[in-house]
Structure formats: C-alpha cells, structure tokens
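Engineer: Handing you a structure now.
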Amino acid sequence: MKNNPFRKRTGILPSYFTGRENELNELKKVYNSTKMGVPGHLILYGPKGIGKTSLLLKFQDEINHLDEVYSVRIPLMEGNFEDVYSLIIEKCSDTLDINIGHFWEKISSLGINIPFIGGVSVSREIPKTSPVVAFEKILNVIYDELGSDNPVLILLFDDLQRIMGNDETMKILSILQNALVELNLKGKNIMFVATGSEDIFNKIQDKLDSAVRIFEPYLIGPLSYSEVCDA
Numbered sequence: 001m002k003n004n005p006f007r008k009r010t011g012i013l014p015s016y017f018t019g020r021e022n023e024l025n026e027l028k029k030v031y032n033s034t035k036m037g038v039p040g041h042l043i044l045y046g047p048k049g050i051g052k053t054s055l056l057l058k059f060q061d062e063i064n065h066l067d068e069v070y071s072v073r074i075p076l077m078e079g080n081f082e083d084v085y086s087l088i089i090e091k092c093s094d095t096l097d098i099n100i101g102h103f104w105e106k107i108s109s110l111g112i113n114i115p116f117i118g119g120v121s122v123s124r125e126i127p128k129t130s131p132v133v134a135f136e137k138i139l140n141v142i143y144d145e146l147g148s149d150n151p152v153l154i155l156l157f158d159d160l161q162r163i164m165g166n167d168e169t170m171k172i173l174s175i176l177q178n179a180l181v182e183l184n185l186k187g188k189n190i191m192f193v194a195t196g197s198e199d200i201f202n203k204i205q206d207k208l209d210s211a212v213r214i215f216e217p218y219l220i221g222p223l224s225y226s227e228v229c230d231a
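Residue 1 is where the sequence shown starts when you use our numbering, and the numbers rise one by one after that.
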C-alpha cells in the first residue's frame, strides 16, 4: 500500500489523484444533464484538506477533452465586490482564449464598464445597469463567443467561503444565482460547481436562503478504506 497522497491541512495538492469515483460520477451526471438542456449546479463542501480542490481539478481534467465543453476554474480571493467581480470576468476571457479586445468591445456595447485587475482600466465603477443584469449579459456574451453549436460552459469556483465573509462580496453568489436561472431558461447550458468549507451552507442560509434552491449541496467525506488502500 502506498502512502495516502492527501496531506490534510497542509494546503498542498497531492502528487497524484486517487479514489472519488462516486463524486466524479455525480459531477459527470450533472454535466450530462446540463448537456441535454437541464443544467445543474453543485457546491462540494467538507473539512479543510479533504481533497475538494483536487476533485475539482480532476473533474476539469476529465471533461476538457470532450467536444463543446468549456470549463473555467476560478480560485476565489478575499477582496471587495469589484475585485471579485472583475476576477470572474477576466478569468473567463483568459481561460477561454476569447480575444480580449473583441470581448471587451462587446461588453462596452452593452453599457457595462468592468475594470481589469491588472490596472488596464482605471475605472472602478459598478456597471450602470444593476449588477444582476450586467452579470447575466456578460455571461451571455461569453457563452455566445464559445463558437460551437451546443456548448456547455462549466464555471468552477474554488474556495467559495472566501467571498462569504462580508455582505458586500456575498452578493456575488446571489447575483450569480439569478443570472444562471435566467440564462438556463434561455437555453444556455451553463453548469456551476463550487467548493466550500464545511459550514458553507450555514453561511449561505444565514444571508442568502434563496440561493440554496438552485445550488445542490454535496458533502465530501474522508476517503473510504478501500480508496486509501488503492492509493
């Protein structure tokens, strides 16, 4: 038997991936449903060091070779509303290799002004439209730029608890929820998966009870004995 590659509470990713077949199958099941036009949204939660990020990366690795699948992993950070909002938009354009000039030209034509984190734009203004409408329009532009007949856009948010610390950044989840509902109703196949701390749903319910309606909780427990042996 090899040493268990997961080193709890170190923050260090394992040297290789093992187990989690049930969890991967659940993620693939939600992906297949999304591909068929019935999008699903999961929050993977559990104690620190249990392997949530590794699972997210493994899922992304397994779906990236599939036709018409576009996944974006967004490692969340603490910060103000504009910082988090900008990170999400920039990471999408970066990962999906969307021509940045063309992309921002389209965004500007919607009357939306989002600053770059790197300081390319000096504006720090929230869009003139409401953030909910703005975010929906931005995701719509990103989806339409994917360039295939029936694309599936998969947003992977890592460490959701980092934006749950204050009322300002917590709005991101509520905004995202509303945008996903509207876009899914319009036939946009967008799937959302996030990782979060063990108490993430308590934090969500305290402030955003309605968000629980579309984000399905999935508890990530310790590896089983057989999984550890196989490691």
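By construction, the Cβ of each residue, glycine as well, lies at the ideal position given by its N, Cα and C atoms. Being a predicted model, the structure only gives us computed values, none of them experimental.
Suppose the cutoff is 6 Å on Cβ atoms and the five residues either side in sequence are ignored; what does the same chain contact list for Leu27 look like?
Structural biologist: Phe59
Engineer: Anyone know if the C-beta pair for Gly37 and Asn189 falls short of 8 Å?
Structural biologist: yes
Engineer: Using the beta-carbon count (16 or more within 10 Å), is Met77 buried or exposed?
Structural biologist: exposed
Engineer: From what residue to what residue does the beta strand (DSSP E) around Asp83 run?
Structural biologist: Segment Phe81 to Thr95 is the alpha helix (DSSP H) holding Asp83; no beta strand (DSSP E) there.
Engineer: According to DSSP, which residues form a beta bridge with Thr195?
Structural biologist: Leu44
Engineer: For the ligand FMN, I want to know if Phe59 counts as a neighbour, meaning its beta carbon is within less than 7 Å of at least one of the ligand's heavy atoms.
Structural biologist: Here there are no bound small molecules, and the ligand FMN is not part of this structure.
Engineer: How about Leu156 and Arg73: do their beta carbons lie closer than 8 Å?
Structural biologist: yes
Engineer: Which residue comes first and which comes last in the alpha helix (DSSP H) that contains Phe59?
Structural biologist: Lys52 to Ile63
Engineer: Gly221 to Glu105, Cα distance in whole Å?
Structural biologist: 45 Å
Engineer: Can you list the beta strand (DSSP E) stretches of 3 or more residues lying completely in the stretch 119-189, in chain order?
Structural biologist: 152-158
Engineer: Just list the residues that DSSP pairs Ser71 with in beta bridges.
Structural biologist: Ile154
Engineer: Nearest-angstrom Cα distance between Ile98 and Glu145?
Structural biologist: C-alpha separation (whole angstroms): 7 Å.
Engineer: Considering Cα atoms alone, identify which of Leu153, Ile163, Phe135 and Ser54 is closest to Thr95.
Structural biologist: Leu153
Engineer: Just to confirm before moving on: does the CB-CB distance between Leu57 and Tyr218 stay below 8 Å?
Structural biologist: no
Engineer: Judging by CA-CA distance, which residue of Phe135, Asp61 and Asp67 is the nearest neighbour of Cys92?
Structural biologist: Phe135
Engineer: Quick one: residues in its chain with C-beta nearer than 8 Å to the C-beta of Ser33, no 5 flanking neighbours on either side, listed in chain order?
Structural biologist: Pro39 and Gly40
Engineer: According to DSSP, is Leu219 part of a helix, a strand, or is it coil?
Structural biologist: strand
Engineer: Can you name the start and end residues of the alpha helix (DSSP H) that Leu27 belongs to?
Structural biologist: Glu21 to Lys35
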